[in-house]
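Numbered by UniProt numbering, the letters in the sequence shown go through residues 1 to 137 in order.
Cβ coordinates follow ideal geometry from the N, Cα and C atoms, glycine included.
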Amino acid sequence: MGNGMKSVVDRYNKTKEELDQLGSSTSEVKFWQREAAMLRQQLLSLQESHRQIMGEELSGLTIKDLQTLENQLEISLRGVRTKKDQLLMDEIQELNRKGNLIHQENVDLYEKINLIRQENMELKKKQIAAALMHLQR
């Protein structure tokens, strides 16, 4: 549960305890009306901030407001770039690791090929020796 929701629940529980002592359901309705109005106001404020961050509805802002918005965007952009750089570095490390594994696999395969070539040469030598022995008889 987010902090905003937790604070609403906490306020509700506190008010509920007070209301239980008083036994007034009208006060509970008023509490929820106040909460709904406050949440509507928070939503409107968040929507306005979102539009401004998206570069919309900037006409009513002062130079100071615009500077603050620009600073927030620069901080956000730095965070995005840092995260992107980290992901790219992680990906490069993973590709290097895979490249090293593939290189090692190639080395192993070359060693196997050389071993098979040596075995084939030994077999050919034995075949030639056997053929020469057969001819000498």
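| query | result |
| --- | --- |
| Coil, strand or helix - M54 by DSSP | coil |
| Pick from Q33, L69, T82, V80 that is closest to H50, judged by C-alpha positions | L69 |
| Residue range of the unbroken alpha helix (DSSP H) whose run includes T62 | Segment: none, T62 is in no alpha helix (DSSP H) and carries neither H nor E. |
| 8 Å Cβ shell around T15 - same chain, five flanking residues per side excluded | S27, E28, F31 |
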